[in-house]
Every structure is written in structure tokens, then in C-alpha cells.
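Notes for the one structure printed next.
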Amino acid sequence: MRLRVLGPVTAEDDAGPLDLKGPRHRAVLARLLVARGRAVPLHRLVDDLWDDAPDGAAGAVQTFVGALRKALEPDRLPRTPPRLLVTVAGGYALRTDPGAVDADRFEAAVARATDLLDDGRPDDARAELDEALALWRGPAYADVADQPWARAEAGRLEETRLLVLHRRAEAGLAGGDPAAVVPELEALLAEHPLREDTWALLALARYRAGRQGDALATLRHARTVLLRELGVDPGPGLRQLEADVLAQAAHLSRSSPRPPSPVEPAPRWAPGLVGRDDELTALTAAAATAAGGRPQLALVSGAAGAGKTALVTALADRLRTGAWTVAWGAGPEVPGAPPAWPWTQLGAQLGVANDPAAPADPATARFRRHRALADALVAASQRAPVLVVLDDLHWADEDTLALLGTLLPDLTGGRVLVVGTYRATDVSPGLTETLGRLARAEPLRLYLGGLTERQTAELVAGLTDRGLSDADVRLVHARSAGNPFLARELVRLYDSGGPAALRTVPAGVRDVVRQRVGQLPEVARTQLRQAAVQGQDVDLEVLAGQVGDEEAVLATVESALLAGLLVEDGRHGLRFEHALVQEALYADVPRVRRTRWHATVATLVEQLRPDDAPTIAHHLLRAEDQAPPGRTAHHAREAARRAERRAALHEAATLWRGVLGALDRLPDTDPRERLEARTGLVRALAVTGDLRRARQERAVAVQAADQLGDPALTAAVVGSSDVPAIWTTNDDEALSAQLVEVAERTLTALPADRRAERARLLVTIALERRADAGPRGDQAAREAERIARGLGDPGLLALALDARFLQSTQRAGLAPERARIGEELVALTRGDDSLTTFAVLGHLVLLQSRCALGDLTAADRHAGAADALADRHGLPVVGVFTDWYAALRLAVSGRTDEARAAYRTAAVGLAGTGMTGLEHGLLPLALLSLDPGLDPTAVGGLDWGPHEPWARPLALLRRGDRAGAAAALDGVPESPRDLLLEVRCCLAARAAVELGDRARMAQLYDQLLPAADELAGAGSGPLTVGPAALHLAGLAAGLGRAADAAAHHRQALAVAERAGAAHWASAARAARAAG
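Numbering (the working numbering), first residue to last: 2 to 1076.
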């Protein structure tokens, strides 16, 4: 059986091509091939095959699978299990033989050619590459390459094909035939003119062919192309080559091919790495793509001990031989390690110094750290490609993950491969969120499962001289489930205790570690458990203090080193061989003893390194009630302040919670200390996106401050959240009412000269009274703006402008006013990193307002600007709004099916953000906006939330219940004054026109008229129901005002054409003609 994906997806056997039935059958096969042997859940297949899955889609997939099995294994006997297309838990997988897929044969040939070229055999390498290229019949996955699930794999294969063309030319050049190489490179550059490495190779080929002038002309042309297309100068490689050509540098002349090595070449894969050839090939291909100037991301996951670090180590060793730079950062396994510790490690390797004058503003500090790392990576990659390894991301703190989630876009043009590893079984919520954000980069994802029995035999054969019988190998494989780490542990026990010991070892790693530790003296076992309390890295001086006997500790360390439980580490002194060893030992310590040992470690670290607040705080918090609460609060508070200064807001949130917990254990505390901790927690939670919890904590803080009777303190607490608001519906009305009540009372008590505090209270009143029809919110916003302008405080003015924005939905048609607010916010924040969140707000406001006015080009520009700022500064909530706008953009373009799918995807991203005022009922409203004739009950039983009264009359009309619809329309309440006001008006207008309710039509006409030149509802950002003038025309016609209806039809046509909405333009023309 042979499967081909380098072109259209086909299958063939010795008798010829197989009949794969229809396009969806081929799509199922292609989807499983893209998964490269991994299981694809049934629900994922359904989602990938249909934008809007019909009823029975799962059954249809099962039918496709059955037909494919018959085609792929025609000789399989009835009721015998399939061998190729197998059923796994919840889905399907394709288990192909090695070399069965042409893409695998292609990549294997590329690897062989690379080795041949490295060994000085260019002619053989060129022949191998010719065979690899002969496998291609067209673009990879040609019939499904435009599908999102195939795009990354097809692009990876195409990038590898381009690499082959480049390597083929290198081989020709190394073989002494530069003239023959020139036309090949010219053809490659005609298709891909921005590849600097290809320009360099062409210039070198012309130089070696005796055409120095042409070589210089080539480099000048490269500069012209890069300047014209990208606005950049050539990189240092091209510039250096030009200088060398001018100087006729000796090294440019063709050197004799290296003679074949008299010994066998080194093995392709690193010693000790077994069973991971495919994964290493995939990573090597990603490295080749990165080396061509397209930064790549790879994520390696698997169970604990699966060999993730070993795989990446093998990759690093391989790339180092190709003159790559390797920078390695490990997850913060050390208790109390500083936030974002892996990035600190990487920065040190790349020469990025800590900024001693880091700004106090967390967002600014985080941005500077991010930029420094990104700039250092890009700069280093100009000298040589860079491999960045972030090992053990499952241990990474949330600040490390936040930085990873925003890094890749800033590496554009750099020759950088970023590889992250994590345990698939220990994925934290923070890592889950980061993996979701990284999906946009379409990373290479590799999952390391267990080794086969044959691979396990190969692994253990290199670990012991005693030789295991076949039965013992099968036992090792069964006990370890093919996990390399567990297999190694079992073999070590076999070495010490023979076959009997092997058979008595339980499968769990804790039991394996217990078995090994059990061979040590009791005193050593106790001391190792004490060491485990420190973490994976062991401070010998601290351990000596824990035990109280330095000689006994040294004896234990020696025993543990000999047993392989500890290893010497040049950077940290001592370290547990594997984190699983430390975790198993730690888990065996009873809680009552563990808390006491943490308290002891905290005391010892405080004596040895009194300024190490993060480590001291970590152990004091783990010590629970064994640590004095005042001391715990003191160190945790200092650690939290440092985390804020380092822009490590996730760490800060954890520490501020620890401060509050410690203060709760004190019999008598200063309430102001508690308020400081809670307001710190509010700041950290708000910036990191946990808006619901931030609101809850803010409510507690406000209530506590109010009870103290200090207006200035209460004002400071009420105004502690500087996170701007974009949606005009409150998420928690009860909390908003409480905040308004306290703010109004504090405003009355606060002296008139406390102008800044008064402005913040007024902003709070305006923000919390959004969508309120009364005048107080708008009055408060305008007064806050007046004070802020008088004080000349940009931050305060930004807050006031946010308040003005949230009060700018009192009637329809106010998009121009909101546009002016957005423009001022963007201008006010330009160049001021401390106001980044308000810069994002300005762009989102302009996105909304420009969209309402039909200027989609400008709206696109502001969406891109908001996303770029959010990516750089780690602001996860922004993507929620731009994802909904992207769906709206499809709707405006008339791509209804794509918009429907995009809305459902956006709704998934919105869920759980804590923005219930936005989330509740938005999806069904968006789906209804795509189809004016849709029965609102036909959207899959979705909850309409607060929008249900406006949808109910239309639902009853679609069922033919005119009396019920009329009664429902009479019961429609006054619309909230928010960004969806126009949408609700239009829904009511549809029902009123159908029912002939003239009084309601007249009321709605007057209400909607100010928005006549806008896309109704588009000012919200997520959705629109088309030109407001179309709805006004229907209302005017229903009122018998034909001239007004005709004018509105002309107006609707102009708005639709301005927005590029051909379907609405056609509707306006048809309605005008029917007029």
C-alpha cells in the first residue's frame, strides 16, 4: 500500500490506483495523513469536514471511514480488525508502514542527501535530491491544501521542497559545476525573490564561474528587490558576501571536495535516543524552514519520562554541527525561582542584561523585557540560525507562558526555531490558554507516545551488560508501557537485583523511585526527602542546615550520586536526576512533616540569602501554619512587589493571595495592609485577564475601605483598577450598583481640592452606569474629562475618555462621536508604553466606529493595530473582540457560511472570559443577523439571554402566530442604551412592518433615523444587520411615505457600496425597483 500526498491525495497498491470514492472520503484520508499517525477525534473530523455540520455528520464520517477501509484493505476478512485505518478512543488513526507515504520517503531522502553533502559527496547528494524531487506531482495535499487543518503541513512540505532545490544547487556548486547551477537558482528566485540565502548562492555561483561583475550585479539586484518589496536592506550575510566579492577573498574560490571519510559516518541520531526518528526528522525540517528566514514553533508533548528533553537535546546536538546557536531555558522547577526564569536563562545566554532601572509600570516592564529578548534573538540569528528551547513548560509560571504566547510575531525575518516541551498529562489552565494562543502560529506539534517492544529492546540493550532475556524485555515493556524513563529505572533495578527484582517492581514511577531509594541507608532516605522539599535543584548548604550534620549529608550525597538519584550540575551544584524522582520523594513526605521542613528551609535561606524574597516566600507559604503569619506576609508582600516591578503579574497575583492568607491568620492587622494586598491582587487579576475575579476582589476591597470611613483611602481603592472597558453592558449589575453608591457617597465626603481622586470617582460612576438611560453617567464622564484636562494628566484623561465612550450610546447614530474619542485616545497614548491598554482601547473604538460608518479598510487597520499591541504586551482579552470582528467582516462580504462558522468559533473564545454582559445571548443574535428570514428558534436551542424579547415576535411570526407576535411586540421593553441598541431597533422594526403596527413603526423610525448613514449595529464590533437605511426604508414604506422610502433605498445602496457589501447593494437595488 502506497499513499501519495505530494500532489493530489491518492492511494495505490501493486494493481494500480485505488478508488477513494468522493471528495469527503479523500478529505478524511488526508486529515488522518496530516495527523501523522496520531488519533483524530470523531468530533474534530466533523468540525474539519463541515463549516456548519448537518445532523448525522458523525454517522456520515463513520460511513466514509468504512468505505476507506474497504478501499485500503480490500482483502481484509469480515469481522477482522483493520490494520491501517484503526479505531482508537473517540476517533480514528492511520497506521502506515515505514515508507508507505511519499512525503516520508521524500523527507528521508532529504536527510540522506544532507548527510552525503556533509560527508563531501556532492554528486551522490545531488542524485538523492533528484530522486526526492521526482516524488512530487504538484502542490502537497493539492485537493485540500486550502483547508485550515492541512495548511500548516502542506506549507511545511513546500518549504522543505524549496530547501531541496537550494541544497541541490549547493551540491552542484560543491561538485564543481557553478555554470549549471546558475539557471536553477534564477528559476528559484523568479518564484521566491525574497530568499536572501538563494541570492547569496546565485552570486557565489556566478563568481566561481568567473563572472565577478555578474556576481556584484546579482547582489545589487537583491538589494533593490528587498528595498522595493520589504523596505529593508540586505542582511549581514549578503553584505559580507558583497565585500568578499569586491576583495576577491580567497575563501570564495571553489575548494576541492572533501574526500570521503575513511570511517563510517556518525549515526544520524544522538546516542541513547531510540524510536524517535520521525519526530527528529520533522524537527529538522522545521529547522530548515527557520534557517530560510521563516521563524518556526514546535511543541513536543508526552507523558513524564517519554523522552521530550532527550529528543530536543538530539536536535540541539545535530544543529550545533550545522553552526546553529542553541539557547536553552528550563521551567522554574526551583521553588521560589524568579518569575519568567526560563527567559532570564535564555537572556543571559544571548547577552540580554537585566534592566536595573526597570519601570514600575508592569505592562511597560514586561514590554521592555519582551522586546529585549526578541531583538536579541533576531540579532543573533543574523550571525547564525538560533534554536531556542523552553523545556518543561508544564512547570513554567504564567509570566513565562505569557511571554511565549506573544514572542513569535516579533521574530519576523529572524532565523529562529522555538521548541517547547511539556507533559501532556500536567497541562495547567495557564498552559492550556497559551497553547490556544499559539495555535495561530500553526506550530509543529509532536506527541511522544510509548516505545514499541522492539524499540524498548534496543533501548535496554545499551543500558546493561547483563543481557535481558526476551521474556524480561517483554516484562520491561509491559511494566513501563514503553516509557523510556521507566524502562531505564527498571533496568537499573534489574542490574542491582536481577530478574526477581524486575518482576517485583510496580509500574508506577513512585514505586520505582521507592525501590531505588530503599537500597540506601535509612538516614540517607530521610535526608533525600528533606532535599526534595527544596525542589529539583538542591542547595548543599541549606541541606546541611536542615540535617544539622554536614558529614552525614556529604555521605548521603555520595550515595545518591552513585545510585544515580542525584547528579552534579555545574550551574546549581546538585540536582535530582529527574524531576519525577524529586516529586516521588516529596509526595512520600507526610504533610505534617513537609510543612515543618518548608519552614526550616525558609529560615535557612533567610539566613544565607536574606534578600531572596521569592524563595523565602515560597517556602513560608508552603509551610502553612508552621510559619509565623507576620513573617510570611512580609516576605510574600516584598516578593509580590518585585513581581509587579518585573511585570510578572501572574506570579504577583499568587503572592498577593498568599499575603491575604497570612494576614487572615494574624489576630490583629492593620486594615490598610489588607487593602494594599487586595488592591494589588485586583491590579494583577485585571491585567492578566481574570476579570470576574478582579471584580469580586474589588468589591470586597471597596466594602472594607468604605467601613474605615476614610474618603481618601476609599477613593484610592475604588479607583484602583486602571483596566479600560470596551463593552457598554455591565457584567455584574449588583456590583456596579454597589460601586456607584460608594463612589457617590465618597465624592460628597472628599474635599474639593482632591481633584484627581474626584475624577477617578466620577470615572467609576460613569463606567458603572453604562447603558443607563439616565443623565448621571454622562454628567460624571464629562466632569471627569474636564478635571483631567485641567490637571494635564494623560493617564487620567485616558480613563475619562473611556468613560465618555461608554456614555456615547444614549441614542443611535453616534459612531462619529465615538470615532473622535478613539482618535484622541490613539493620539494621547502614542509613544507612551504606560498607556498601552488605552492605546488598544482607542484602536478598538476606531474599529467599531469605522465599521459602523462603512469604512471597513480603516476598521481592518485598527483591528490589526489592536492585535499587534495585544500580542506584544500579553493582553489576552483583545483577541476576543477582533475574532468577533473578523466574523462580522465575513458577513459584510456576503460569505455567510464562513461567517456562521467564524461566529461559532468566536463564541468559544468568548466563553469563560468573565465578560458575561457581552457573552450572554450574543451568538444567536449574530447568527440571526446573517439571515433576515431566519426563525430565531432555529439556531440550535441557544440561549438568547437579554435579547430574547426582541427575537420573540419574529419567532412567533415565523410560526404564523400573528396574534402572539403582536402581543410580544407590545411587551418589548425599552432597549438598553448600549452598542446593540440599533440591532434591537431593527429586529423590532421587522416585526412591526410585518404586523402593520403603525404606532410602533413611527416610534422606531424616529429612533433609528440618526443612524441612517451607518451599518446598523456594526458599531458594536461583533455584528451588524446591514444598512440602517434598508430598515428605515421598510418602516417608511409601511407608514405610506414612499418618497422617504425611495430616499432611504438610495442611501442604503451608497452605504452598502461603501462597505463593499454586494449582497446588501443588490437588496437595496431590488427594493428600490419594487418600490
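We put the CB at the ideal spot given by N, CA and C, even for glycine.
Given a threshold of 16 other Cβ atoms within 10 Å of its Cβ, counted over all protein chains shown, does residue i qualify as buried or as exposed?
i, result
"R207", "buried"
"P357", "A caution first: P357 carries a pLDDT of 49, below 50, which makes its placement in the model too unreliable to give a value."
"S721", "buried"
"H254", "Sequence check: residue 254 is Ser here, not His. So S254 counts as exposed."
"R699", "buried"
"D754", "exposed"
"E789", "The sequence as given places Ala at residue 789; Glu does not occur at that position. Classification for A789: buried."
"S809", "buried"
"L563", "exposed"
"R229", "exposed"
"Q531", "buried"
Measuring alpha carbon to alpha carbon, tell me which residue in the options is nearest residue i.
i, options, result
"L1", "L957, P977, L792, E1015", "For residue 1 there is no data in the structure shown, the boundaries of the chain being 2 and 1076."
"R1001", "L284, A757, P954", "P954"
"Y142", "A133, A153, E132", "A153"
"L469", "G451, G450, L452, R489", "R489"
"L439", "L408, R45, R821", "L408"
"A1046", "A1072, T830, G276, E13", "A1072"
"L1024", "G1035, L1054, D998, C987", "C987"
"L751", "D794, D711, H635, V660", "D711"
"G946", "L1054, D471, L931, L923", "L923"
Between residue i and chain C, is the shortest Cβ-Cβ distance under 9 Å, so that the two count as touching?
i, result
"A175", "In the displayed structure, chain C is absent; only one protein chain is listed."
DSSP beta-bridge partners for residue i?
i, result
"R5", "T11"
"A331", "D392"
"P1130", "As shown, the chain starts at 2 and ends at 1076. That puts residue 1130 outside it, with no answer to give."
"Q297", "L418"
"S302", "Y423, Y448"
"G17", "D14"
"L86", "L95"
"P42", "G92"
"V102", "L4"
"V846", "Beta-bridge pairing links V846 to no other residue."
What's the C-alpha gap between residue i and residue j?
i, j, result
"A135", "L4", "15 Å"
"D944", "L1005", "26 Å"
"E625", "Q535", "16 Å"
"H478", "E454", "6 Å"
"V417", "E652", "28 Å"
"Q297", "A425", "21 Å"
"A1057", "A716", "48 Å"
"L1", "D723", "The requested residue 1 does not occur in the structure, where the chain is confined to residues 2 to 1076."
"V554", "E607", "21 Å"
"W137", "L130", "12 Å"
"A250", "K309", "44 Å"
"R756", "L792", "8 Å"
"A59", "Y93", "12 Å"
"A600", "V582", "22 Å"
"A785", "V741", "15 Å"
"A1074", "H1050", "9 Å"
"A104", "P123", "23 Å"
"R446", "R106", "20 Å"
"L521", "S560", "7 Å"
"P977", "L1010", "18 Å"
"H1032", "A989", "10 Å"
"A114", "R127", "7 Å"
"W598", "Q547", "8 Å"
"T219", "L203", "7 Å"
If you measure from the CB of residue i, is any heavy atom of the ligand NAD nearer than 8 Å?
i, result
"Q583", "As for the ligand NAD, it is missing from this structure, which has no ligand bound."
**Study point:** Every unbroken beta strand (DSSP E) inside the stretch 677-750 [3 residues or more]
**Key:** none
Exercise for review: Scan the stretch 547-624 and note each continuous beta strand (DSSP E) run of 3 residues or more that stays entirely inside, going in chain order.
Suggested key: 567-570, 574-577
Practice item. May I have a chain-ordered list of the alpha helix (DSSP H) segments no shorter than 4 residues that lie completely inside the stretch 934-994? Key: 949-959, 963-971
Check your understanding: Going along the chain, which unbroken runs of the alpha helix (DSSP H) with 4 or more residues stay wholly within the stretch 157-219?
Key -> 179-192, 197-209
Check your understanding: If you scan the stretch 861-893 from start to end, which runs of the alpha helix (DSSP H) of 4 or more residues do you find wholly inside it?
Key -> 879-893
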